[in-house]
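Visitor:
2 protein chains.
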Amino acid sequence: MRSATDHVAQALALVEPLGVERVPLASALGRALAEPVRAAADAPPFRTTSMDGYAVRSNEGAPGLWEVSADVPAGIAPAPLAAGTVARVMTGAPMPDGADAVVPVEDTDRGVDRVEIHRWPAAGAFVREAGEDLHRGDEVLGGARLLRAVDLAASAAAGAPDVSVVRRPRVGVLITGDEVRPPGSALEPGQIFDASSTTLPALVEEWGGECVGVRVVGDTDQAVVDALDSLEADLLITAGGVSAGAYDVVKSALVPHGVWFGPVAMQPGKPQGLGLWRGVPIVCMPGNPVSVVATFLVVVAPMMREMLRLPSPAVGTAVAGVGWRCPPGRAQLMPVRFEGVRVVPATAGGSGSHLIGSLAQAEAFAVIAADVSEVLPGDTVGLMGITP
Amino acid sequence: MRSATDHVAQALALVEPLGVERVPLASALGRALAEPVRAAADAPPFRTTSMDGYAVRSNEGAPGLWEVSADVPAGIAPAPLAAGTVARVMTGAPMPDGADAVVPVEDTDRGVDRVEIHRWPAAGAFVREAGEDLHRGDEVLGGARLLRAVDLAASAAAGAPDVSVVRRPRVGVLITGDEVRPPGSALEPGQIFDASSTTLPALVEEWGGECVGVRVVGDTDQAVVDALDSLEADLLITAGGVSAGAYDVVKSALVPHGVWFGPVAMQPGKPQGLGLWRGVPIVCMPGNPVSVVATFLVVVAPMMREMLRLPSPAVGTAVAGVGWRCPPGRAQLMPVRFEGVRVVPATAGGSGSHLIGSLAQAEAFAVIAADVSEVLPGDTVGLMGITP
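Chains A and B are the protein sequences, given in the same order.
For the first sequence, our numbering assigns the number 407 to the last residue and increments by one with no breaks.
For the second sequence, our numbering assigns the number 407 to the last residue and increments by one with no breaks.
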């Protein structure tokens with residue numbers, strides 16, 4: 020049986036980093052940064068005041084009544100400050116040449132033509148020098164990341180109107196099974212609801228990809244082949260039809276094309292397929308909902324992160340709050356929730372591949388190595404995030 | 020000076036939970052769940068097998084050669100199992116009436132008309148009872164939350180084709196300032212880049228709202244009034260023009276309409292405005308990028324969460340890895356990053372409202388109470404997330 024680690028390594032070997040494109044900041048939220056962003060200008064771009072008040076020459080004077088020789092709102096280039104006078108300045112306005120300190124408006128009588136200054140400032144008070152925050156060309160934003168609002172804020176403030184991001188992986192999804200019906204259907208005997216048509220596109224979107232199509236087909240080889248050929252994608256994912264049964268259509272359709280099928284030492288998600296479909300990487304997973312999520316997180320998410328030029332999802336650690344059994348010889352993926360700082364199985368039922376309710380309760384997946392047969396309360400376990 | 024806590028309470032008093040709408044699962048990712056989702060049918064809907072293999076009457080026999088009287092793929096309703104025979108079953112297929120255990124295919128010679136069974140199963144082996152996972156009407160998904168892919172997976176698997184979600188808050192954004200220019204512009208003396216036009220719509224989207232428009236206007240009262248009147252919104256946010264200066268246009272335009280302006284005891288984000296604009300809640304924040312982000316997280320995010328029927332963002336705790344100074348009498352919001360398990364200021368410059376680079380470095384904001392004048396290494400500090 021192939022180990023989960025080997026299987027993921029094989030999967031990663033099938034994909035390559037995708038190309039780069041420039042997008043305006045307004046459509047960059049959630050995209051993968053490809054190149055550092057550098058400041059287009061000094062920030063602040065000029066000497067400025069951090070307070071509303073009066074710009075003065077600090078070596079000139081003392082508290083008392085002063086002539087206001089100019090009024091400097093933000094956005095204009097002021098004349099030099101006349102000797103023996105002060106200039107009214109608004110937060111963010113350029114400092115007049117010659118002025119080197121600001122008296123906050125709270126320390127004055129707020130005069131317009133003349134102002135009574137109650138407290139005289141030291142040189143540099145409330146003045147920000149040009150380039151104090153950033154110099155032109157400084158890196159504002161770097162390192163592989165999915166862009167957050169605060170990253171876009173830094174880019175915009177530094178004057179970059181667009182950013183280089185990695186193209187989104189285009190992912191095609193194929194669901195097989197004569198027995199699956201859309202949620203909302205009245206089920207006939209033997210039929211079940213199709214969860215994968217909902218789950219896989221949503222997972223693809225959460226992890227930074229674009230789902231280019233979802234096909235749901237019955238159990239014939241030709242339907243599988245036609246559906247795969249109709250998807251223009253960087254990565255293909257199938258759900259259902261991969262185990263050892265006589266009607267495992269994905270397997271029967273793809274084995275002749277050289278796609279590998281076999282057991283992977285993980286629970287859930289043991290029967291899997293992996294390979295290339297006409298040159299496009301393809302991951303074939305069992306059809307039940309918990310297997311779909313577990314296989315996506317373990318196998319597909321790292322592939323998508325590689326395509327997006329991002330590091331593989333981090334596996335952290337947590338301490339188990341209760342004990343549970345693990346399947347012999349298979350890595351276990353257990354949906355867990357937090358009780359205080361410890362994790363416990365999300366539902367009483369454990370990691371069985373059919374436990375629908377555990378998905379909605381889960382805050383993370385615990386990852387237990389294949390050679391562990393039982394988790395004891397207080398044991399440290401691996402912890403994998405459900406979202407990036 | 021109004022405390023940050025009082026200010027947030029005033030802000031929350033201005034908003035109410037928004038209405039509810041049903042959306043199909045395919046467009047529910049990231050929406051706020053409004054009502055529990057219940058199972059539309061038992062899951063599994065019928066007695067089924069969890070393995071490919073042969074369904075048997077466990078009390079009938081022993082290893083040996085058996086007649087295969089039926090072939091049961093997934094998706095059909097099988098006939099009862101004839102006495103003295105077995106039926107070939109595929110994972111997920113209904114169990115024939117009368118059969119109560121499954122011999123996995125690995126324990127047989129995989130025969131089609133007749134099969135050699137090597138190991139005889141106990142009653143119930145590899146059989147899943149109808150409703151073992153969920154009963155019709157059981158709650159699959161409940162509790163206020165922003166819907167994740169795994170939540171949609173549970174809904175779909177339980178047969179719910181759509182979900183009740185809270186309507187997205189429609190948020191209008193107004194940026195003021197004669198001095199602001201779009202990123203990418205060549206700056207004239209006195210001009211700065213407009214970051215808020217990028218930052219605020221992206222924050223609104225991250226926190227589950229919909230930005231209905233961004234207006235950027237110069238410093239005239241009429242332009243502010245006209246711009247606000249052009250935005251059809253549940254919540255209005257302005258950036259810039261709120262401090263004590265002569266040209267603080269948002270303040271001068273809105274004070275006559277009863278909007279409160281004054282200092283709030285927080286750093287950054289001290290000068291603020293809050294009230295109603297023709298009945299619509301309005302939050303007025305200073306224009307610089309770090310103040311915009313801090314005010315959004317402290318004031319606007321809780322308002323949006325209230326509208327979305329979600330609890331206010333949690334404030335956790337962390338341990339400071341280094342010490343830093345805090346402003347007297349004001350709550351401090353310090354962009355921080357993690358060094359191991361401890362937090363340190365995201366950049367050397369601290370929490371000054373102009374520190375563009377700190378936003379991109381930040382992994383969270385530390386929150387320091389107003390009565391703390393200095394954080395020491397090892398102190399416990401409040402910790403606020405940058406994203407929901």
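Where a beta carbon is used, it is the ideal one built from N, C-alpha and C, also for glycine.
#1: Determine whether the Cβ of residue 144 of chain A lies closer than 8 Å to any Cβ atom of chain B.
#2: Using beta carbons (cut-off 8 Å, strictly below), is residue 358 of chain A in contact with chain B?
#3: Would you mind listing the beta strand (DSSP E) stretches within the region 51-78 of chain A that are 3+ residues and don't spill past its ends, in chain order?
#4: My understanding is that residue 211 of chain A touches residue 43 of chain B, with C-beta atoms under 8 Å, so please give their C-beta distance in whole angstroms.
#5: Would you please verify whether the beta carbon of residue 197 of chain B is less than 8 Å from any beta carbon of chain A?
#6: Is the CB of residue 245 of chain A under 8 Å away from at least one CB in chain B?
#7: Under 6 Å Cβ to Cβ from residue 358 of chain A, same chain only, skipping five residues before and after it: list those, please.
#8: For the beta strand (DSSP E) containing residue 181 of chain B, name the first residue and the last one.
#9: Would you kindly work out how many angstroms separate the C-alpha atoms of residue 25 of chain A and residue 157 of chain A, rounded to a whole number?
#10: If you draw a straight line from the C-alpha of residue 98 of chain B to the C-alpha of residue 69 of chain B, how long is it?
#11: State the Cα-Cα distance for the pair residue 55 of chain B and residue 197 of chain A, rounded to the nearest angstrom.
#12: Any idea if residue 410 of chain B is buried or exposed, counting beta-carbon neighbours within 10 angstroms, 16 or more meaning buried?
#13: Give the single residue among A:107, A:329, A:144 and A:160 whose Cα lies nearest to the Cα of residue 135 of chain A.
#14: Just verifying my parser: in three-state terms, what is the DSSP assignment at residue 20 of chain B?
#15: Just by C-beta distance, which residues in the region 339-365 of chain A are closer than 9 Å to chain B?
#16: Could you compute how far the alpha carbon of residue 37 of chain B sits from the alpha carbon of residue 320 of chain A?
#17: Taking the C-alpha atoms as reference points, what is the distance between residue 160 of chain B and residue 383 of chain A?
#18: Please confirm if residue 224 of chain A has its CB atom under 8 Å from at least one CB of chain B.
#19: Quick one: does residue 169 of chain B have its CB under 8 Å from some CB of chain A?
#20: Does chain B have any CB closer than 8 Å to the CB of residue 159 of chain A?
#21: Go through its chain and collect everything with a Cβ distance to residue 244 of chain A's Cβ below 7 Å, but skip five positions before and after it.
#22: Establish whether the CB of residue 203 of chain B and some CB of chain A are separated by less than 8 Å.
#23: If I'm right that residue 121 of chain A touches residue 146 of chain A with Cβ under 8 Å, what's the distance once you round it to whole angstroms?
#24: Give me the Cα-Cα distance between residue 192 of chain A and residue 112 of chain A, rounded to the nearest whole angstrom.
#25: Report the start-end ranges of each alpha helix (DSSP H) in the region 119-183 of chain A that is 4 residues or longer and not cut off at the edges.
#26: Along the chain, where does the beta strand (DSSP E) containing residue 353 of chain B start, and where does it finish?
#27: My output table needs one value for residue 407 of chain A: the three-state DSSP class, helix, strand or coil.
#28: Does the CB of residue 92 of chain A have a neighbour CB from chain B at under 8 Å?
#29: Indicate whether at least one CB of chain A lies closer than 8 Å to the CB of residue 312 of chain B.
#30: Let me know the alpha helix (DSSP H) ranges lying completely inside the region 255-342 of chain A, each 4 residues or longer, listed in chain order.
#31: Please report the residue range of the beta strand (DSSP E) in which residue 83 of chain B lies.
#32: Rounded to a whole number of angstroms, what is the C-alpha to C-alpha distance between residue 183 of chain B and residue 50 of chain B?
#33: Is it true that the CB of residue 288 of chain A sits closer than 8 Å to the CB of residue 314 of chain A?
#34: Do residue 325 of chain B and residue 31 of chain B have their C-beta atoms closer together than 8 Å?
#35: Within this structure, are the beta carbons of residue 344 of chain B and residue 284 of chain B separated by less than 8 Å?
#36: When DSSP labels each residue in this structure, what does residue 220 of chain B get in the three-state scheme?
Guide: Straight from the coordinates:
#1: no
#2: no
#3: 72-75
#4: At roughly 19 Å, the Cβ-Cβ gap does not stay under 8 Å, so residue 211 of chain A and residue 43 of chain B are not in contact.
#5: yes
#6: no
#7: 340
#8: 181-185
#9: 42 Å
#10: 19 Å
#11: 30 Å
#12: An answer regarding residue 410 of chain B cannot be provided, because it is not within the stretch 20 to 407 covered by chain B.
#13: A:107
#14: coil
#15: 354
#16: 35 Å
#17: 16 Å
#18: yes
#19: yes
#20: yes
#21: 272
#22: yes
#23: 6 Å
#24: 55 Å
#25: 168-176
#26: 350-358
#27: coil
#28: yes
#29: yes
#30: 268-273, 308-314 and 320-326
#31: 83-91
#32: 9 Å
#33: yes
#34: yes
#35: no
#36: helix
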